[in-house]
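**Student:** Here the protein sequences line up with chains W and C, keeping their order.
If you're matching positions, the first sequence starts at 434 in our numbering and goes up one per residue.
If you're matching positions, the second sequence starts at 1120 in our numbering and goes up one per residue.
Quick one: this structure, given as C-alpha cells, is what I'll be asking you about.
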Amino acid sequence: MLEEALEHLVKGIVEHPDDVRVRARRIRSGRVLEVRVHPDDLGKVIGRSGRTAKALRTVISALAGGKYVRVDLLDLDEAR
Amino acid sequence: MTEAEASPVTERDSVEEERAIPDVAALEQEGEIAADYVEGLLDIADLDGDIDMDVEGDRAVVSVVGIEGDELVGKRGEVLEALQELTRLAVHRQTGERSRLMLDIAGYRERRRSELTKLGTEVAEEVKRSGSSKPLQPMTPFERKIVHDAVAASGLRSESEGEEPNRYVVVLPA
Chain W
434 MLEEALEHLV
444 KGIVEHPDDV
454 RVRARRIRSG
464 RVLEVRVHPD
474 DLGKVIGRSG
484 RTAKALRTVI
494 SALAGGKYVR
504 VDLLDLDEAR
Chain C
1120 MTEAEASPVT
1130 ERDSVEEERA
1140 IPDVAALEQE
1150 GEIAADYVEG
1160 LLDIADLDGD
1170 IDMDVEGDRA
1180 VVSVVGIEGD
1190 ELVGKRGEVL
1200 EALQELTRLA
1210 VHRQTGERSR
1220 LMLDIAGYRE
1230 RRRSELTKLG
1240 TEVAEEVKRS
1250 GSSKPLQPMT
1260 PFERKIVHDA
1270 VAASGLRSES
1280 EGEEPNRYVV
1290 VLPA
C-alpha cells in the first residue's frame, strides 16, 4: 500500500507521471522506498530546501502507522 | 564586550492578504483537482471518508469528513500541513497557478481556529492588564494568523518572531 500511495502522491505533482517508478527494497534496518522520476522532475519532488521531499516522507510515515520509512528520490537514469 | 542590540526579525505575518477579486470558477476547479488527489490517496490507504468542497472568500477549501483516526492530521497537524502542501502542488501542476487552497481533515482546522481565537483573546486581556509583552508557543503560519486576528480584534498588536518552524507570536502592550 505504501508504494502505491507514494506513487500516487508523486505522479500528481510531476510533469512526467508516466515516468514515475516506485520500488520497495529491504535493507537491514528496515525498508526503503525508492522513487525514480524523470530527470526534469527531480527538482520538483525535492522542492525548495527539500520541502516537498519532507512532505512526502511525513505523509508516508503517517500511513505507515508513524513508523519511519526511508524514502529515496532519484532520477530515472541514476544507477543504483 | 557589549551585546549587540537585539533586533529580532519582527515583520508581521502578512500571510496572504492582498489578492484581487476571487474567480469562483477557478477556485472550484482547484477544489476538484485537490479532491481527486486526496480521494485517490484515501482509496489506496483504504481510509473511509467523504470529501466536501467549498469556496471561502478567495480560497478553495477541501475537507475530508467522516474519517476514522487522526493519522492524516498528525502531531500539531504536521501531516495535514504536509498533505496540504502536496495537494497545492498537484493543483499547481494542472492549473499553472499557485494555489492557496486549504485542506482540512476531520474538522482539525475548525477546532484549532476556535482554540486559538480563545487563546489570542485571553492573552490580549492579560497583556492589557500587565502592560508587558507576552510570547506564545511556536505555531504554524495558519495558527499564527488566527492568533494575530484575535489579538487585533481585542485592540492590541502582535508580531511574529523567530525562524520557522519555531516562529512564534508575541502579543504587544498598547
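Glycine residues also receive a C-beta, built at the ideal position from the N, C-alpha and C atoms.
Quick caveat, the model's predicted, so the values are computed rather than measured.
Of all Cβ atoms in chain C, is any one closer than 9 angstroms to the Cβ of W/R458?
**Tutor:** No, its Cβ sits nowhere closer than 9 angstroms to a Cβ of chain C.
**Student:** Secondary structure at C/Y1287, three-state DSSP: helix, strand or coil?
**Tutor:** Three-state result, C/Y1287: strand.
**Student:** Check the Cβ of W/G476 against every Cβ in chain C and list those closer than 7 angstroms, keeping chain order.
**Tutor:** By Cβ distance, chain C contributes nothing, its closest Cβ being about 12 angstroms from W/G476, past 7 angstroms.
**Student:** Is any beta-carbon of chain W found at less than 9 angstroms from that of C/L1291?
**Tutor:** False, the Cβ-Cβ gap to chain W never drops below 9 angstroms.
**Student:** Note down the Cα distance separating C/V1210 from C/L1291, rounded to an integer number of angstroms.
**Tutor:** Going by the C-alpha atoms only, they are around 38 angstroms apart.
**Student:** Could you have a look at C/D1162 and say whether DSSP puts it in helix, strand or coil?
**Tutor:** The answer is helix: DSSP assigns C/D1162 an H, G or I state.
**Student:** If I measure Cβ to Cβ from W/K500 and keep anything under 7 angstroms in the same chain, skipping five residues before and after, which residues do I get?
**Tutor:** Same-chain partners within the cutoff: S494.
**Student:** Comparing C-alpha positions only, which one of C/L1255, C/F1261, C/D1268 sits nearest to C/V1288?
**Tutor:** Of the candidates C/L1255, C/F1261, C/D1268, the one whose C-alpha sits nearest the C-alpha of C/V1288 is C/L1255.
**Student:** Please report the straight-line C-alpha distance between C/L1146 and C/D1177, rounded to a whole angstrom.
**Tutor:** Using only the alpha carbons, I get a separation of about 8 angstroms.
**Student:** Since C/V1181 and C/L1222 are thought to touch, with beta carbons under 8 angstroms apart, how far apart are those beta carbons, to the nearest angstrom?
**Tutor:** Contact holds; Cβ gap of about 5 angstroms.
**Student:** Could one say the Cβ of C/I1170 lies closer than 9 angstroms to chain W's Cβ atoms, at least one of them?
**Tutor:** No, because no Cβ of chain W sits closer than 9 angstroms to the Cβ of C/I1170.
**Student:** Considering only residues of the same chain and omitting the five flanking positions on each side of C/N1285, which have a CB-CB separation below 7 angstroms?
**Tutor:** Contacts found: P1257.
**Student:** Out of C/L1199, C/V1143, C/E1200, C/E1278, point me to the one whose CA is closest to C/M1071's CA.
**Tutor:** With chain C running from 1120 to 1293 in the structure shown, residue 1071 of chain C is simply not present.
**Student:** Would you kindly work out how many angstroms separate the C-alpha atoms of C/E1187 and W/L439, rounded to a whole number?
**Tutor:** Cα to Cα, C/E1187 sits roughly 21 angstroms from W/L439.
**Student:** Given that C/R1212 touches chain W, what residues does it touch there, using C-beta distances under 8 angstroms?
**Tutor:** In chain order: G445, I446, V447, E448.
**Student:** Closer than 8 angstroms by beta-carbon distance: list the chain W residues that pair up with C/V1198, in chain order.
**Tutor:** In chain order: T491, V492, A495.
**Student:** How is W/I446 classed by DSSP in three states: helix, strand or coil?
**Tutor:** In this structure, W/I446 counts as coil in the three-state DSSP scheme.
**Student:** Considering only the beta carbon of each residue, do W/V470 and W/V453 sit closer than 9 angstroms?
**Tutor:** Yes.
**Student:** Show which residues of chain C have a CB atom less than 8 angstroms away from the CB atom of W/A438.
**Tutor:** Result: L1160, I1163, A1164.
**Student:** Please check if any C-beta of chain C sits within less than 9 angstroms of the C-beta of W/G498.
**Tutor:** So yes, W/G498 belongs to the interface.
**Student:** Please go through the same chain and pick out, in chain order, the residues whose beta-carbon is closer than 8 angstroms to the beta-carbon of C/V1198, but skip the five residues on each side of it.
**Tutor:** If we look at C/V1198 and ignore the five residues flanking it on each side, its Cβ neighbours are E1190, L1191, V1192.
**Student:** Just the Cα atoms here: how many angstroms apart are W/L478 and W/A457?
**Tutor:** The amino acid occupying residue 478 of chain W in the given sequence is Val; Leu does not appear at that position. Cα-Cα distance, rounded: 18 angstroms.
**Student:** Could you pull out every unbroken beta strand (DSSP E) segment of at least 3 residues lying fully inside the segment 461-499 of chain W, listed in chain order?
**Tutor:** Runs found: 463-470.
**Student:** Using beta carbons (cut-off 9 angstroms, strictly below), is C/E1151 in contact with chain W?
**Tutor:** Not an interface residue.
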